[in-house]
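Numbering (this note's numbering), first residue to last: 582 to 825. Here a beta-carbon is modelled for each residue, glycine too, at the ideal position from N, C-alpha and C. Note that this is a predicted model, so its numbers are computed, not measured. Notes follow the structure.
This is the structure:
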């Protein structure tokens, strides 16, 4: 029995290692160049690692000394409500926007900044001495860029909310800014439009959806979509891509 348990545990460990190895093989790191920094951010306290993995553009971020920033108030004010973001520029220096087709989609709402420019929030707590986090951007949000090799500029910046009477305003923090240049190959993006004449729910002696909830005002359940791409056939659910 002990031998059997040992074999099972060993198998699980090997499976976990192989899975992580496969992920590492699939991950494509992107070469980048630090262009400039402003204020507190610099090469010694900020680590930037962009890569592409599983149809996403991802960035690992490490910030050191944030506790000191909190204690010394280097920004001449409390940093308790400062927020950090990434935004992106193309090779011409134009800010990259969320494609018009996705602006009204709740799934991509958190990526929309003022003027619908592509903005990615970074979850940080300045009271921690060391911050390590990762942001993920669906690659489809870069679909307006031409296919092939592209240069983009990634900017890390901070904002702060100022309260004045009944109004609050989000303004840039001058002491928090850095920018990198990176090159990546943009694949061709194909847009597929699906038209359906209606949805039929099973309603027989085996299963009846009536009375499950009242979202449709008829006592019928909500409908959710799950997309698996690519798929070899209609029974292939191995490549999960998106869920509504």
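Alpha carbon to alpha carbon, how far is residue i from residue j?
{"i": "residue 735", "j": "residue 677", "result": "10 Å"}
{"i": "residue 814", "j": "residue 805", "result": "21 Å"}
{"i": "residue 603", "j": "residue 824", "result": "With a pLDDT of 45 at residue 603, under the threshold of 50, the modelled position of that residue is not reliable, and no figure is offered here."}
{"i": "residue 698", "j": "residue 812", "result": "33 Å"}
{"i": "residue 687", "j": "residue 722", "result": "14 Å"}
{"i": "residue 767", "j": "residue 718", "result": "14 Å"}
{"i": "residue 621", "j": "residue 816", "result": "53 Å"}
{"i": "residue 819", "j": "residue 607", "result": "16 Å"}
{"i": "residue 757", "j": "residue 807", "result": "39 Å"}
{"i": "residue 733", "j": "residue 631", "result": "12 Å"}
{"i": "residue 769", "j": "residue 691", "result": "25 Å"}
{"i": "residue 689", "j": "residue 682", "result": "10 Å"}
{"i": "residue 675", "j": "residue 619", "result": "20 Å"}
{"i": "residue 609", "j": "residue 647", "result": "29 Å"}
Can you tell which of the options has the C-alpha that lies nearest to the C-alpha of residue i?
{"i": "residue 627", "options": "808, 823, 810 and 761", "result": "761"}
{"i": "residue 738", "options": "705, 611 and 769", "result": "705"}
{"i": "residue 724", "options": "611, 695, 615 and 680", "result": "680"}
{"i": "residue 615", "options": "625, 690, 673 and 609", "result": "625"}
{"i": "residue 645", "options": "696, 709, 756 and 672", "result": "709"}
{"i": "residue 673", "options": "647, 692 and 726", "result": "726"}
{"i": "residue 752", "options": "732, 764, 613 and 694", "result": "694"}
{"i": "residue 741", "options": "754, 732, 634 and 731", "result": "754"}
{"i": "residue 671", "options": "623, 730 and 619", "result": "730"}
Under 6 Å Cβ to Cβ from residue i, same chain only, skipping five residues before and after it: list those, please.
{"i": "residue 643", "result": "628 and 713"}
{"i": "residue 636", "result": "720"}
{"i": "residue 665", "result": "703, 705 and 739"}
{"i": "residue 617", "result": "760"}
{"i": "residue 771", "result": "none"}
Can you find the residues in the same chain that come closer than 7 Å, C-beta to C-beta, to residue i, ignoring five residues on each side of it along the sequence?
{"i": "residue 821", "result": "809"}
{"i": "residue 684", "result": "693 and 697"}
{"i": "residue 613", "result": "629, 631, 761, 762 and 763"}
{"i": "residue 728", "result": "767, 768 and 769"}
{"i": "residue 623", "result": "none"}
Excluding five sequence neighbours on each side, which residues of the same chain lie with their C-beta closer than 8 Å to the C-beta of residue i?
{"i": "residue 716", "result": "639, 640, 642, 667, 701, 702 and 703"}
{"i": "residue 611", "result": "631, 632, 633, 763, 764 and 765"}
Buried or exposed for residue i, please, with buried defined as at least 16 other CB atoms from any protein chain shown within 10 angstroms of its CB.
{"i": "residue 669", "result": "buried"}
{"i": "residue 759", "result": "buried"}
{"i": "residue 663", "result": "buried"}
{"i": "residue 711", "result": "exposed"}
Considering only residues of the region 675-753, which uninterrupted beta strand (DSSP E) runs meet the minimum length of 3 residues and lie entirely inside it, listed in chain order? For the beta strand (DSSP E) assignment, the uninterrupted runs of no fewer than 3 residues enclosed by the region 675-753 are, from N- to C-terminal side, 700-703, 711-719 and 729-745.
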